[in-house]
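Trainee:
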Amino acid sequence: MHSAMKPHVMNHTDEEFPTEDPFTDWSEITAAVGKDFFHKLNRALGVILGADCVYIAEIPFNAEACLQTLAAYRDGAKVSNYTFTSPGTACAQALREGAAVCVGDLQETFPKAAHLAPEIRSFFAMKLHGLNHQPIGVIALGWRDESPDLDKARSLVEKMTGRISAELQRIRSATLLKKQLHLTQEILNAIPIPVFYKNTELEYMGCNREFEKVIGCCQKDLQGKRVKDVAPNDCFGRFQDVDRRVLLTGQLESYEGDMIYNDGDKRDVVFKKAVFHDDDGHIGGVVGTMFDITDIKNAEKEIYRLANFDPATGLPNRQYFLNALEKSTFRALRDKKRLAVLCLDLDRFKSISNALTHNGRDQLLKEYSSRIAYQSRERDIYAQIGNDRFAVVLNSVASEQTSEAVARRMLGTLAEPVVVSGHEIFCTGSIGIAHLETDGVDPQTLLLNAETAMLRARKQGGNMYLHSSQDFNRAAQERLTLEAGLRRALHDRALALYYQPQVDMRSGALYGAETLLRWTHPTLGQVPPDQFIPIAEECGLIGPIGDWALKMACQQNAAWQAAGYPPIRVAVNLSGHQLTRSLPSRISEILRETGLAAEFLELELTESVMIENSEVNRAILQELKGIGVHLSIDDFGTGYSSLRYLQRFPFDTLKIDHSFTKDLEVEEGCAALTDTVIAIALRHNLKIIAEGIETLGQRDHLIASGCPSGQGYLFGRPVSSIEFEQNFQSPHYCKTG
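Just so it is clear: in the sequence shown, position 449 is 457 by the numbering used here, and no numbers are missing.
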């Protein structure tokens, strides 16, 4: 017995279970496992030792300052488990010192026990150890009596601690494993794609929730099954072959296949499979993932459709056509067969479609598309290569007559009326034909030449077909070369402005200059304006080119004035394409940016502005006049304008075309026409200037007829801005004569 104030600490060694107690069936106790073992042991110890309470407690994994009972016995009966804080208790001392703690005055030695178990006077506690002898829990007994047989308790419990510790360690390991498995499963379930794993016999060991959804089978029912038990018959063979190959090579394998999901949908899936290893480093089986790429595949198909087919008609587009044409030309050249390309454009389609709704336009296009497809042969390729433009590859044509026959059939079927929204619509077509080798050997050239021939057919009135012409193709190619070069020149600022002096022919005084656009092509050399200006107008470059010329001319004139040279008026030619409602505001902006007064800018326009869209153009010119710029009409008398336009449009100056000037001295009729133009200008209070003056005789005739101003080689050729500055040093021209 121990009744000292200090706890009595005793070392212990593990021995065999006691067998001397005739009333305890130790074999039944030792045969039990888990908490059942603990409960039976607690009851036996309570009976043998007369303890009022017995418990086995463990240190929780995440709360080392606490103890949690796994089996508790009090007053001869099992009680519910509980948790208590261990610091300051006999249990904490046993855990800390590693030896049994026996105390006969519990409340005095460990005051905290007064709160935990105020009725217990004597107490015994012994550490339970796990792996590496780390403390994992305690076994404790308590008595209300102050003098129980603690030596007997120590002797009996010491013999059992090995088995108790081992069982507690087993429970803790199982609990930890369960937690780890649960965490692993939760991680797997958090993965948004199906995951599964199998053993080396290719039997399923587990999966995540996404895989359960795919196969319609829970993990519990899946375990032990093979792929043939869950996959469709047409799938399991290839799945199993990959599994075996992965086990054999140990290499990651990725492959694509289709699979019917549990919901009945057929999905495109990317499978990735690899081996995993057990604790000994041996291959433990196969782990796999499934990535559903159905949406990606559908998106790729949609992207391909949008990239290769017209959304309205569903016909292949230009890109698809060129790819198909490339394959056809390769086969035709290889097999020495003839091939033709037809390019078809619907005549007047723009004006027709403007009278229709969007749906009506699509309906019309679909109808014509189906007619073109119907007239094409089964081996031919047809496509919609533009808004109202179609192309056909005629494979294996016998001769030009074959392609002509197809073209005639197409023109005939297009000419038949189409009913849209209750209205009969009549439309014709223009077709261009190009033949392999004769008109090109590559797809781009063939199609280009067919399109060029089609444009010729359309210009000749439409409703006809024309074959490609090498001469015309050469001209078209030169035009494309010029257009490309012009675009580069604008981008690289390779255009230049030249200035030709305008003088008072009576005194020879300089009063103005006309700006003339110049372009030197890197390979073609100097390109005449009458060659590249029409191209600029057709391809939409005249706007940015004209804007650049206006700004540069104003900037240069302002610079001359800032340098102290006498102020002059600079004339800039405007194309009819530049005459838009935004032009007045743009002119004002340029004048503001360059600091040039409006009175020193003159805009030259041709007769066409008075005829085409005359009322709108008249309003624009009135607005320009209000800004303060001067307006002149260029080349008057060479077109079909009416004299009444001179009264309605706010021009300041009339220019006599050089075609009148050059023959003044040799043709009386030309002189009479020139005199008439001068008289008209004077009658309308317009200033007059003649261009193209090269001789003194021309100058003298014009002065005598009432035209005081002129420009031409007689006074100076067009020169760069630097060269033109020399004119300011010589204020008088042609004093002789």
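Quick reminder that beta carbons are idealized off the backbone N, C-alpha and C, glycines included. A quick note: this is a predicted structure, and the numbers were derived from the prediction, not measured.
What I want to know is whether the C-beta of E375 ends up closer than 7 angstroms to one or more non-hydrogen atoms of the ligand MN.
Mentor: No copy of the ligand MN occurs in the structure displayed, which carries no ligand at all.
Trainee: Given this structure, state the Cα-to-Cα distance separating A100 from L149, to the nearest angstrom.
Mentor: The residue labelled residue 100 in the question sits at position 92 within the sequence shown. The residue labelled residue 149 in the question sits at position 141 within the sequence shown. Cα-Cα distance, rounded: 14 angstroms.
Trainee: Starting from the Cα of Y63, find the closest Cα among L176, W34 and T38 and give me that residue.
Mentor: Here residue 63 refers to the residue found at position 55 of the sequence shown. Comparing Cα positions, the closest option is L176.
Trainee: Just mark D450 as buried or exposed, buried being the case when its beta carbon has 16 or more other beta carbons within 10 Å.
Mentor: Translated into positions along the sequence shown, residue 450 becomes position 442. Exposed is the call here.
Trainee: Who are T661's beta bridge partners in DSSP?
Mentor: As a first step, residue 661 must be located in the sequence shown, where it is residue number 653. BP columns for T661 point to S640 and K695.
Trainee: Please tell me whether L419 and L350 are closer than 8 angstroms, where the distance is taken between their beta carbons.
Mentor: Translated into the one-based positions of the sequence shown, residue 419 becomes position 411. Translated into the one-based positions of the sequence shown, residue 350 becomes position 342. Contact flag unset, no.
Trainee: Where E334 and T421 are concerned, what is the direct C-alpha to C-alpha distance, given to the nearest angstrom?
Mentor: Numbered from 1 along the sequence shown, position 326 holds the residue referred to as residue 334. Numbered from 1 along the sequence shown, position 413 holds the residue referred to as residue 421. Using only the alpha carbons, I get a separation of about 28 angstroms.
Trainee: If you draw a straight line from the alpha carbon of L323 to that of Q392, how long is it in whole angstroms?
Mentor: Here residue 323 refers to the residue found at position 315 when the sequence shown is read from its first residue. Here residue 392 refers to the residue found at position 384 when the sequence shown is read from its first residue. Approximately 6 angstroms between the Cα atoms of the pair.
Trainee: Pick from Y506, V637, A605 and L629: whose alpha carbon is nearest that of E733?
Mentor: Within the sequence shown, numbered from 1, the residue matching residue 733 stands at position 725. Nearest option by C-alpha distance: Y506.
Trainee: So, for P202: in the same chain, excluding its five sequence neighbours on each side, which residues have a beta-carbon less than 6 angstroms away from its beta-carbon?
Mentor: Along the sequence shown, one-based indexing puts residue 202 at 194. Contacts found: E218, F219, V222 and M298.
Trainee: Whose C-beta lies closer than 6 angstroms to the C-beta of L260 among residues of the same chain, with five residues either side of it excluded?
Mentor: Position 252 of the sequence shown, counting from 1, holds the residue named residue 260. Only A282 meet the Cβ criterion.
Trainee: Classify F31 as helix, strand or coil using the three-state DSSP reduction.
Mentor: For this step, residue 31 is matched to residue 23 along the sequence shown. Residue placement at F31 is poorly supported in this model, since its pLDDT is 49, which falls under 50; the coordinates still yield a value, given next. The three-state secondary structure of F31, taken from DSSP, is coil.
Trainee: Quick check: what's the CA-CA separation for L53 versus A59?
Mentor: For this step, residue 53 is matched to residue 45 along the sequence shown. For this step, residue 59 is matched to residue 51 along the sequence shown. Cα to Cα, the separation comes out at about 7 angstroms.
Trainee: With DSSP as the reference, label T768 as helix, strand or coil.
Mentor: Because the chain in this structure spans residues 9 to 745, residue 768 falls outside the shown range and cannot be described.
Trainee: P509 lies in the beta strand (DSSP E); which residues open and close that run?
Mentor: Position 501 of the sequence shown, counted from the start, is the residue given in the question as residue 509. Run containing P509: L503 to D512, per the beta strand (DSSP E) assignment.
Trainee: Count Cβ pairs between the region 150–157 and the region 124–132 that sit closer than 8 angstroms; are there 3 or more?
Mentor: yes
Trainee: So V146 packs on A65, CB below 8 angstroms; how close in whole Å?
Mentor: Stepping through the sequence shown from its first residue, residue 146 is reached at position 138. Stepping through the sequence shown from its first residue, residue 65 is reached at position 57. That pair is a contact at about 6 angstroms.
Trainee: Which word fits D643, buried or exposed, when buried means at least 16 other C-beta atoms lie within 10 angstroms of its C-beta?
Mentor: Counted from its first residue, the sequence shown places residue 643 at position 635. With 16 or more other Cβ atoms within 10 Å, it is buried.
Trainee: Could you please give me the residues that DSSP links to I433 through a beta bridge?
Mentor: Within the sequence shown, residue 433 is the residue found at index 425, counting from 1. Note: I433 sits in a beta bridge opposite V426.
Trainee: Quick check: what's the CA-CA separation for K274 versus R171?
Mentor: In the sequence shown, the residue the question calls residue 274 occupies position 266. In the sequence shown, the residue the question calls residue 171 occupies position 163. Distance between K274 and R171, taken at the CA atoms: about 58 angstroms.
Trainee: In the DSSP assignment, find the alpha helix (DSSP H) that holds M618 and state where it starts and stops.
Mentor: Position 610 of the sequence shown, counting from 1, holds the residue named residue 618. Segment S616 to I619, the alpha helix (DSSP H) holding M618.
Trainee: Where R234 and E211 are concerned, what is the direct C-alpha to C-alpha distance, given to the nearest angstrom?
Mentor: To locate residue 234, count along the sequence shown from 1; it is residue 226. To locate residue 211, count along the sequence shown from 1; it is residue 203. Spanning the two alpha carbons is a distance of roughly 5 angstroms.
Trainee: With burial defined as no fewer than 16 other Cβ atoms inside 10 Å of the residue's Cβ, what is the status of G293: buried or exposed?
Mentor: In the sequence shown, the residue the question calls residue 293 occupies position 285. G293 is buried by the Cβ-count criterion.
Trainee: At 3 residues or longer, and completely inside the region 259–328: list those beta strand (DSSP E) runs for me, N to C.
Mentor: 261–268, 274–285 and 291–300
Trainee: Would a C-beta distance cut-off of 8 angstroms place S94 and L75 closer than the cut-off?
Mentor: In the sequence shown, residue 94 corresponds to position 86, counting from 1. In the sequence shown, residue 75 corresponds to position 67, counting from 1. Pairing S94 with L75 gives a Cβ-Cβ distance under 8 angstroms.
Trainee: What does DSSP give as the partner residue(s) for A198 in the beta ladder?
Mentor: Locating residue 198 in the sequence shown gives position 190, where the first residue counts as 1. DSSP output for A198 lists no bridge partner at all.
Trainee: Quick one: give me the first and last residue of the alpha helix (DSSP H) that E453 is part of.
Mentor: Reading the sequence shown from its first residue, position 445 is the one you call residue 453. The displayed chain sequence assigns Thr, not Glu, to residue 453. First-last of the alpha helix (DSSP H) with T453: P451 to K467.
Trainee: Does Q630 pass the burial test, meaning 16 or more other C-beta atoms within 10 Å, or should it be called exposed?
Mentor: By 1-based counting over the sequence shown, the position of residue 630 is 622. Result: exposed.
Trainee: Please state whether the Cβ-Cβ distance between K345 and S438 is less than 8 angstroms.
Mentor: For this step, residue 345 is matched to residue 337 along the sequence shown. For this step, residue 438 is matched to residue 430 along the sequence shown. Not a contact, by the Cβ cut-off of 8 angstroms.
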